[in-house]
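Note sheet for the following structure.
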DNA sequence: TCCTGAAGTCAACAAGTGTTGGCCTACACT
DNA sequence: AGTGTAGGCCAACACTTGTTGACTTCAGGA
């Protein structure tokens, strides 16, 4: 029996999201996605052109972050941790970003864009100084993505065994301090400049993709 | 001119490490590795049998963690953060574990084993209670791997722009509290089981990795 | 009724993958 | 010098990948 184009397209998209989430970019094949959607692989091409564009269509997300200004200032950490936990379990969005972003540059760019566009502005509203916001956003992302990585992707047994509430209890103070805590002094007894000009590894990094695009710069200025 | 078997094997291993580190498991092809090592692909098979065994040989690491008992108790956080930063830059070890562990189950297992065998014991020595150690190890791993992910893999601009010292300054208090801080109470107004579950880091996990129909298994609860 | 166009299938392509086996060839021995 | 062998190369295999184009089938308007 026959489906409308819209329905088929949606089925393909749903199958693609699941595959990208569990397999990553390269192992998620068009053929597997098509099979999941009960369709011929050529239909995927007809509707989305090629694999890259299919991914782009499948990886358009809203982090759906809460309005932290409606939260008491001393509870924004808890609120954000709790939100990320539920957000992770709501659908495949974050899982896709993480699994594909690690090995595919276009996907990494997408991850950067999502966090830049949705997390950074939220934090600017929270902290006064717009210069500090990107750094604080990156710190928050590092802890939240790191926990997601350990718990849902790498599946470290103790991380999996923790209850949601335990995770919230442990991570909230961390996130709270990244959001609203004082900026710490870089350690005095170290050798190097604290200038933000040069990042380690940037030069050494052998990019198999072009790394020229900075369209997703988390910085605001 | 000709090389000894040992030299060639080492060259292959070095090339493999670099490829696995930058490309991940599936995109790091035997052919590319062989080309990097100036050798025919068939030699890789001769020396290592197959790709899985090559990876196993290439991903045997020592995290080389410092003896935290020789560090003042209030500085173990700083010491560990600093160590991970230098460790990351020392060679491809952590990059390999991260890049491959996300999409390849065998690699994920390797990552688990490395952290279980090397990080957990260290922490047991530090905190009295061996029941709490795995959880604390997972928390430390989540923050350290998360920062590595944002800085070196996903390359969030603000994370890349931070100096080593800034990273140390921000992350040290977090790690310190995960290591030696009081265990927080899980939030009272939630429904969780109060018995703090902790699985040892060494627990085995069944991992149906590839079947898309099981993506929900990757979620907790 | 026929006709048109959209939905869907089928078979094949070129390229790339891990892997295999046969064949060279330099060189350390006798 | 002759030779055995370890180090190395080549060509091919069976398979999978993204992608293409020609073909079929159906629904509905004229």
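Protein chains in written order, with this note's numbering: chain A, 134 to 354; chain B, 134 to 354.
Just so it is clear, CB atoms sit at the ideal spot from N, CA and C, and this is done for glycine as well.
| Check | Outcome |
| --- | --- |
| Cut-off 7 angstroms between Cβ atoms - residues of its own chain near residue 305 (chain A), not counting five sequence neighbours on either side | 210, 211, 214 |
| Residue from B:170, B:309, B:156, B:282 whose Cα sits closest to the Cα of residue 140 (chain B) | B:170 |
| For residue 295 (chain B), three-class secondary structure by DSSP | coil |
| Contact set between the region 290-301 of chain A and chain B, restricted to residues whose Cβ is under 8 angstroms from the partner | 290, 291, 292, 293, 294, 295, 296, 297, 298, 299, 301 |
| Min CB distance residue 193 (chain B) to chain A below 9 angstroms | no |
| Supposed contact pair residue 225 (chain A) and residue 150 (chain A) - C-beta distance, whole angstroms, cut 8 angstroms | 5 angstroms |
| Uninterrupted alpha helix (DSSP H) stretches inside the region 157-215 of chain A (no shorter than 4 residues) | 163-169, 174-181, 184-191 |
| Among B:283, B:222, B:173, nearest to residue 267 (chain A) - alpha-carbon criterion | B:283 |
| Secondary structure of residue 251 (chain A), DSSP reduced to three states | helix |
| Length of the line joining the Cα atoms of residue 161 (chain B) and residue 317 (chain B) | 43 angstroms |
| Under the three-state DSSP convention, the category residue 233 (chain A) falls into | helix |
| Contact with chain B by residue 241 (chain A), beta-carbon distance below 9 angstroms | yes |
| For residue 312 (chain A) and residue 273 (chain A), believed in contact at Cβ under 8 angstroms, the rounded distance | 7 angstroms |
| Chain-ordered chain A contacts of residue 235 (chain B) [CB-CB under 8 angstroms] | 157, 231, 232, 235, 236, 282, 286, 287 |
| Residue 281 (chain B) vs residue 243 (chain B) beta-carbon contact at 9 angstroms | no |
| Per-residue DSSP class, three states only, for residue 310 (chain A) | helix |
| Below-9 angstroms beta-carbon distance, residue 136 (chain B) vs any chain A residue | no |
| Host alpha helix (DSSP H) of residue 260 (chain B) (start-end) | First-last for residue 260 (chain B): undefined, no H or E at that position. |
| Under 7 angstroms from the C-beta of residue 272 (chain A): neighbouring residues of chain B | 303 |
| Straight-line gap, residue 203 (chain A) to residue 259 (chain A) (C-alpha atoms, nearest Å) | 11 angstroms |
| Within-9 angstroms CB hit, residue 251 (chain B) to chain A | no |
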